[in-house]
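Asks: Sending over a structure as C-alpha coordinates; questions will come in a sec.
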Amino acid sequence: MNATADTRSGESHPGDRSRAHGALASASRSRILNMLRSSTTPLDVEHIASRSGLHPNTVRFHLRVLIDAGLACCRTDPQGCSGRPRLVYTAATAGYGNEQPAGFQLLADILAGYLAASSSKPARQAEEAGQTFARRHRPLASVVAEVSADESVRHVVALFTELGFDPELVPDGQDVQLRLQACPFHALATKYPEVVCAMHLGLLRGTLAQLEAPLTARRLRPFVEPHLCIAHLSPRP
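Quick note: the sequence shown, position 131, residue 136 per the numbering used here, numbers continuous.
This is how it looks when you write it as C-alpha coordinates:
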(Lines of atoms letter the chains of each structure in order from A and count residues from 1; the text may use other names and numbers.)
(Lines give C-alpha, C1' and ligand atoms only; values in the text may rest on other atoms or scores of the structure.)
Protein backbone atom coordinates (compact mmCIF):
# COMPACT_ATOMS: atom_id res chain seq x y z
CA MET A 1 0.00 0.00 0.00
CA ASN A 2 1.31 3.46 -0.87
CA ALA A 3 1.17 5.37 2.40
CA THR A 4 2.16 8.70 0.86
CA ALA A 5 -0.39 9.06 -1.93
CA ASP A 6 -1.60 12.65 -2.34
CA THR A 7 -5.33 13.37 -2.33
CA ARG A 8 -4.82 15.70 -5.32
CA SER A 9 -2.83 15.14 -8.49
CA GLY A 10 -1.43 18.68 -8.32
CA GLU A 11 -2.55 19.56 -11.85
CA SER A 12 -3.99 23.02 -12.43
CA HIS A 13 -6.91 23.77 -14.74
CA PRO A 14 -8.49 27.09 -15.75
CA GLY A 15 -11.72 26.13 -13.98
CA ASP A 16 -9.85 25.94 -10.66
CA ARG A 17 -9.06 29.65 -10.64
CA SER A 18 -12.45 30.86 -9.41
CA ARG A 19 -12.38 28.26 -6.61
CA ALA A 20 -8.89 29.41 -5.63
CA HIS A 21 -9.99 33.04 -5.43
CA GLY A 22 -13.01 32.07 -3.35
CA ALA A 23 -10.85 30.03 -1.00
CA LEU A 24 -8.35 32.84 -0.50
CA ALA A 25 -10.99 35.49 0.15
CA SER A 26 -10.86 34.23 3.76
CA ALA A 27 -8.07 35.81 5.81
CA SER A 28 -7.75 32.64 7.92
CA ARG A 29 -7.29 30.43 4.87
CA SER A 30 -4.76 32.83 3.38
CA ARG A 31 -2.83 32.71 6.65
CA ILE A 32 -2.91 28.91 6.73
CA LEU A 33 -1.74 28.70 3.11
CA ASN A 34 1.15 31.05 3.87
CA MET A 35 2.11 28.81 6.80
CA LEU A 36 2.19 25.79 4.48
CA ARG A 37 4.22 27.66 1.85
CA SER A 38 6.79 28.94 4.32
CA SER A 39 7.28 25.60 6.10
CA THR A 40 10.12 23.32 5.03
CA THR A 41 8.23 20.27 6.34
CA PRO A 42 4.59 19.13 6.12
CA LEU A 43 2.35 20.38 8.93
CA ASP A 44 -0.40 18.57 10.82
CA VAL A 45 -3.69 20.04 12.06
CA GLU A 46 -2.51 20.41 15.65
CA HIS A 47 0.56 22.41 14.63
CA ILE A 48 -1.48 24.72 12.38
CA ALA A 49 -4.12 25.18 15.08
CA SER A 50 -1.47 26.08 17.66
CA ARG A 51 0.18 28.66 15.38
CA SER A 52 -3.05 30.17 14.06
CA GLY A 53 -5.08 30.20 17.27
CA LEU A 54 -7.94 28.43 15.49
CA HIS A 55 -9.83 25.36 16.72
CA PRO A 56 -8.57 22.14 15.10
CA ASN A 57 -11.99 21.48 13.55
CA THR A 58 -11.92 24.97 12.01
CA VAL A 59 -8.43 24.28 10.67
CA ARG A 60 -9.66 21.02 9.11
CA PHE A 61 -12.49 22.87 7.38
CA HIS A 62 -10.14 25.52 5.96
CA LEU A 63 -7.66 22.86 4.81
CA ARG A 64 -10.41 20.98 2.99
CA VAL A 65 -11.38 24.18 1.14
CA LEU A 66 -7.73 24.77 0.17
CA ILE A 67 -7.39 21.18 -1.05
CA ASP A 68 -10.61 21.40 -3.08
CA ALA A 69 -9.29 24.61 -4.66
CA GLY A 70 -6.04 22.89 -5.65
CA LEU A 71 -3.92 25.03 -3.32
CA ALA A 72 -2.94 22.39 -0.75
CA CYS A 73 -2.26 18.66 -0.61
CA CYS A 74 -2.81 16.08 2.12
CA ARG A 75 -1.05 12.78 2.69
CA THR A 76 -0.49 10.26 5.44
CA ASP A 77 2.75 10.57 7.38
CA PRO A 78 4.92 7.47 6.88
CA GLN A 79 6.78 8.43 10.07
CA GLY A 80 3.57 8.37 12.11
CA CYS A 81 2.74 5.98 14.93
CA SER A 82 0.76 2.79 14.50
CA GLY A 83 -3.01 3.02 14.66
CA ARG A 84 -4.93 5.84 13.03
CA PRO A 85 -2.70 7.39 10.33
CA ARG A 86 -1.50 10.94 10.93
CA LEU A 87 -2.39 13.37 8.16
CA VAL A 88 0.01 16.12 7.15
CA TYR A 89 -0.48 19.02 4.76
CA THR A 90 1.67 20.92 2.26
CA ALA A 91 1.09 23.74 -0.21
CA ALA A 92 0.45 22.59 -3.77
CA THR A 93 3.36 23.36 -6.09
CA ALA A 94 1.44 23.42 -9.38
CA GLY A 95 -0.37 26.40 -10.86
CA TYR A 96 0.64 29.85 -9.64
CA GLY A 97 2.59 28.73 -6.56
CA ASN A 98 6.06 29.65 -5.40
CA GLU A 99 7.75 26.65 -7.02
CA GLN A 100 7.18 27.02 -10.75
CA PRO A 101 8.60 24.23 -12.95
CA ALA A 102 11.81 25.17 -14.75
CA GLY A 103 10.04 25.11 -18.12
CA PHE A 104 7.60 27.81 -17.06
CA GLN A 105 10.41 29.92 -15.65
CA LEU A 106 12.30 29.63 -18.93
CA LEU A 107 9.22 30.53 -20.97
CA ALA A 108 8.53 33.56 -18.75
CA ASP A 109 12.17 34.67 -19.10
CA ILE A 110 12.02 34.39 -22.90
CA LEU A 111 8.76 36.35 -23.19
CA ALA A 112 9.75 39.06 -20.71
CA GLY A 113 13.14 39.48 -22.36
CA TYR A 114 11.60 39.73 -25.81
CA LEU A 115 9.09 42.37 -24.71
CA ALA A 116 11.76 44.38 -22.90
CA ALA A 117 14.04 44.37 -25.96
CA SER A 118 11.52 44.76 -28.77
CA SER A 119 9.02 47.29 -27.42
CA SER A 120 9.58 51.02 -27.16
CA LYS A 121 7.11 51.05 -24.23
CA PRO A 122 7.50 47.68 -22.49
CA ALA A 123 5.99 48.84 -19.19
CA ARG A 124 2.82 50.10 -20.85
CA GLN A 125 2.39 46.94 -22.90
CA ALA A 126 3.06 44.71 -19.90
CA GLU A 127 0.49 46.59 -17.84
CA GLU A 128 -2.05 46.24 -20.66
CA ALA A 129 -1.32 42.50 -20.78
CA GLY A 130 -2.06 42.22 -17.06
CA GLN A 131 -5.32 44.14 -17.44
CA THR A 132 -6.33 41.98 -20.41
CA PHE A 133 -5.73 38.83 -18.40
CA ALA A 134 -7.93 40.14 -15.58
CA ARG A 135 -10.71 41.01 -18.03
CA ARG A 136 -10.58 37.69 -19.88
CA HIS A 137 -10.51 35.39 -16.91
CA ARG A 138 -12.98 37.27 -14.69
CA PRO A 139 -11.95 35.33 -11.56
CA LEU A 140 -14.55 37.25 -9.57
CA ALA A 141 -17.53 36.66 -11.84
CA SER A 142 -19.55 35.32 -8.91
CA VAL A 143 -19.63 38.83 -7.45
CA VAL A 144 -22.85 40.41 -8.67
CA ALA A 145 -23.62 42.99 -6.02
CA GLU A 146 -21.76 46.24 -5.53
CA VAL A 147 -18.59 45.56 -3.58
CA SER A 148 -17.21 47.65 -0.75
CA ALA A 149 -13.63 48.82 -0.38
CA ASP A 150 -13.00 46.12 2.24
CA GLU A 151 -14.39 43.40 -0.04
CA SER A 152 -12.29 44.72 -2.91
CA VAL A 153 -9.03 44.50 -1.00
CA ARG A 154 -9.92 40.99 0.21
CA HIS A 155 -10.27 39.87 -3.40
CA VAL A 156 -6.98 41.56 -4.29
CA VAL A 157 -5.22 39.84 -1.39
CA ALA A 158 -6.68 36.52 -2.58
CA LEU A 159 -5.36 37.14 -6.10
CA PHE A 160 -1.79 37.88 -5.01
CA THR A 161 -1.78 35.07 -2.45
CA GLU A 162 -2.76 32.68 -5.24
CA LEU A 163 0.09 34.04 -7.34
CA GLY A 164 2.46 33.10 -4.53
CA PHE A 165 3.05 36.43 -2.78
CA ASP A 166 2.74 37.05 0.95
CA PRO A 167 0.52 40.17 0.78
CA GLU A 168 -0.19 42.50 3.70
CA LEU A 169 -2.62 45.42 3.93
CA VAL A 170 -1.53 48.53 5.81
CA PRO A 171 -3.85 51.56 6.26
CA ASP A 172 -2.31 54.82 5.06
CA GLY A 173 -4.76 57.62 5.85
CA GLN A 174 -7.62 57.30 3.38
CA ASP A 175 -5.43 55.07 1.22
CA VAL A 176 -4.36 51.46 1.67
CA GLN A 177 -0.90 50.05 1.08
CA LEU A 178 -0.78 46.58 -0.44
CA ARG A 179 2.64 45.33 0.66
CA LEU A 180 3.75 42.50 -1.61
CA GLN A 181 6.42 40.32 -0.04
CA ALA A 182 8.01 37.00 -1.08
CA CYS A 183 7.58 37.66 -4.81
CA PRO A 184 7.55 34.28 -6.61
CA PHE A 185 8.91 36.05 -9.72
CA HIS A 186 11.73 37.81 -7.86
CA ALA A 187 14.60 36.70 -10.10
CA LEU A 188 12.68 37.63 -13.24
CA ALA A 189 11.46 40.92 -11.76
CA THR A 190 14.99 42.05 -10.87
CA LYS A 191 16.04 41.24 -14.44
CA TYR A 192 13.05 42.86 -16.20
CA PRO A 193 11.30 45.11 -13.64
CA GLU A 194 9.74 47.27 -16.36
CA VAL A 195 7.89 44.17 -17.59
CA VAL A 196 7.15 42.00 -14.57
CA CYS A 197 6.25 44.73 -12.08
CA ALA A 198 4.16 46.59 -14.66
CA MET A 199 2.26 43.38 -15.42
CA HIS A 200 1.47 42.97 -11.72
CA LEU A 201 0.17 46.54 -11.66
CA GLY A 202 -1.99 45.70 -14.66
CA LEU A 203 -3.38 42.63 -12.90
CA LEU A 204 -4.20 44.76 -9.88
CA ARG A 205 -5.87 47.52 -11.89
CA GLY A 206 -7.70 45.04 -14.10
CA THR A 207 -9.06 43.14 -11.10
CA LEU A 208 -10.31 46.32 -9.43
CA ALA A 209 -11.93 47.35 -12.71
CA GLN A 210 -13.65 43.96 -13.05
CA LEU A 211 -15.04 44.38 -9.54
CA GLU A 212 -16.14 47.95 -10.28
CA ALA A 213 -14.41 48.59 -6.98
CA PRO A 214 -14.51 51.96 -5.22
CA LEU A 215 -10.69 51.86 -5.21
CA THR A 216 -8.03 52.51 -7.80
CA ALA A 217 -4.37 51.46 -7.87
CA ARG A 218 -2.42 54.71 -8.14
CA ARG A 219 1.00 53.14 -8.51
CA LEU A 220 3.22 50.22 -7.61
CA ARG A 221 6.66 50.92 -6.17
CA PRO A 222 8.96 47.97 -6.94
CA PHE A 223 11.74 46.89 -4.59
CA VAL A 224 11.21 49.41 -1.82
CA GLU A 225 13.24 46.78 0.00
CA PRO A 226 15.00 43.82 -1.63
CA HIS A 227 11.94 41.60 -1.20
CA LEU A 228 9.15 44.15 -0.86
CA CYS A 229 7.03 46.02 -3.40
CA ILE A 230 4.22 48.39 -2.36
CA ALA A 231 1.05 49.17 -4.30
CA HIS A 232 -0.95 52.23 -3.28
CA LEU A 233 -4.75 51.96 -3.41
CA SER A 234 -6.87 55.10 -3.18
CA PRO A 235 -10.62 55.84 -3.21
CA ARG A 236 -11.97 56.61 -6.66
CA PRO A 237 -12.67 60.33 -7.19
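Where is the CB? At the ideal position from N, CA and C, for every residue including glycine. It should be emphasised that the depicted structure is a prediction, and the values quoted were computed from it without experimental measurement.
Which same chain residues end up closer than 7 Å to E51 when comparing Cβ atoms and leaving out the 5 residues on each side of it in sequence?
Replies: Start at 1 with the first residue of the sequence shown, and residue 51 comes out as number 46. For E51, where only same-chain residues beyond five positions count, the Cβ hits under 7 Å are P61.
Asks: Going by CA-CA distance only, name the one from L41, A203 and L213 that's closest to T95.
Replies: If you number the sequence shown from 1, residue 95 lands on position 90. Nearest C-alpha to T95: L41.
Asks: If I measure Cβ to Cβ from R36 and keep anything under 7 Å in the same chain, skipping five residues before and after, which residues do I get?
Replies: Position 31 of the sequence shown, counting from 1, holds the residue named residue 36. So the qualifying residues of the chain are S57.
Asks: Measure the alpha-carbon distance for Q179 versus P240 and round it to whole angstroms.
Replies: What you label residue 179 is simply residue 174 of the sequence shown in a count that begins at 1. What you label residue 240 is simply residue 235 of the sequence shown in a count that begins at 1. Cα to Cα, Q179 sits roughly 7 Å from P240.
Asks: Ends of the beta strand (DSSP E) at H245?
Replies: Residue 245 falls outside the range modelled here, since the chain spans only 6 to 242, and no answer is possible.
Asks: Anyone know if the C-beta pair for L48 and L38 falls short of 8 Å?
Replies: Working through the sequence shown from its first residue, we reach residue 48 at position 43. Working through the sequence shown from its first residue, we reach residue 38 at position 33. In this structure, L38 does not lie closer than 8 Å to L48 by Cβ.
Asks: Can you list, in chain order, the residues of its chain whose CB lies under 8 Å from that of L233, leaving out five sequence neighbours each side?
Replies: In the sequence shown, residue 233 corresponds to position 228, counting from 1. Taken in chain order, the residues that qualify are R184, L185 and Q186.
Asks: Compute the Euclidean distance between the alpha carbons of H160 and A25, then round it to the nearest angstrom.
Replies: What you label residue 160 is simply residue 155 of the sequence shown in a count that begins at 1. What you label residue 25 is simply residue 20 of the sequence shown in a count that begins at 1. Distance between the alpha carbons of H160 and A25 is about 11 Å.
Asks: Report the CB separation of L120 from P127 in whole angstroms; it is logged as a contact under 8 Å.
Replies: Here the question's residue 120 lines up with position 115 in the sequence shown. Here the question's residue 127 lines up with position 122 in the sequence shown. Contact holds; Cβ gap of about 5 Å.
Asks: CA-CA distance, C137 and A97?
Replies: Sequence index remark: in the sequence shown, residue 137 carries index 132 (1-based). Sequence index remark: in the sequence shown, residue 97 carries index 92 (1-based). Before going further, note that residue 137 is Thr rather than Cys in the sequence given. In a straight line, the C-alpha of T137 is about 26 Å away from that of A97.
Asks: Within 10 angstroms of the Cβ of T243, are there 16 or more other Cβ atoms? Answer buried if so, exposed if not.
Replies: Only positions 6 to 242 of the chain appear in the structure, and residue 243 is not among them; the question remains open.
Asks: Excluding the 5 residues flanking P176 on each side, which residues of the same chain have their C-beta closer than 7 Å to its C-beta?
Replies: Along the sequence shown, one-based indexing puts residue 176 at 171. Cβ within range, chain order: n/a, list empty.
Asks: Which residues in the same chain as D202 place their Cβ atom closer than 7 Å to its Cβ, once the five residues preceding and following it in sequence are excluded?
Replies: Reading the sequence shown from its first residue, position 197 is the one you call residue 202. Here the sequence assigns Cys to residue 202, which means Asp is not the residue at that position. The residues are A194, L225, P227 and C234.
Asks: Comparing alpha-carbon positions, which option in L206, R141 and L168 lies nearest Q215?
Replies: On the sequence shown, position 210 is the one that residue 215 refers to. It is R141.
Asks: Apart from the five residues on each side of it in sequence, which residues of its chain come closer than 7 Å, Cβ to Cβ, to R34?
Replies: As a working mapping, residue 34 is identified with position 29 in the sequence shown. Correct list, in chain order: A28, H67, V70 and L71.
Asks: Would you call the CB atoms of P219 and A154 closer than 8 Å?
Replies: As a working note, residue 219 is residue 214 in the sequence shown. As a working note, residue 154 is residue 149 in the sequence shown. Contact: yes.
Asks: Between which two residues does the alpha helix (DSSP H) harbouring D155 extend?
Replies: Here the question's residue 155 lines up with position 150 in the sequence shown. Run containing D155: A154 to L168, per the alpha helix (DSSP H) assignment.
Asks: Helix, strand or coil, according to DSSP, for A109 in the structure here?
Replies: Mapped onto the sequence shown, residue 109 falls at position 104. One detail in the question is off: residue 109 reads as Phe in this sequence, not Ala. Residue state, collapsed to three classes: helix.
Asks: Using a Cβ-Cβ cut-off of 6 Å (strictly less than) and excluding sequence neighbours within five positions of V93, which residues of its own chain qualify?
Replies: Walking along the sequence shown from the start, residue 93 turns up at place 88. Closer than 6 Å at Cβ, skipping near neighbours: P47, D49 and D82.
Asks: Rounded to whole angstroms, what's the CA-CA distance from E217 to H237? Just pull it up for me.
Replies: Taking the sequence shown and counting its residues from 1, one reaches residue 217 at position 212. Taking the sequence shown and counting its residues from 1, one reaches residue 237 at position 232. Answer to the nearest angstrom: the Cα atoms are 17 Å apart.
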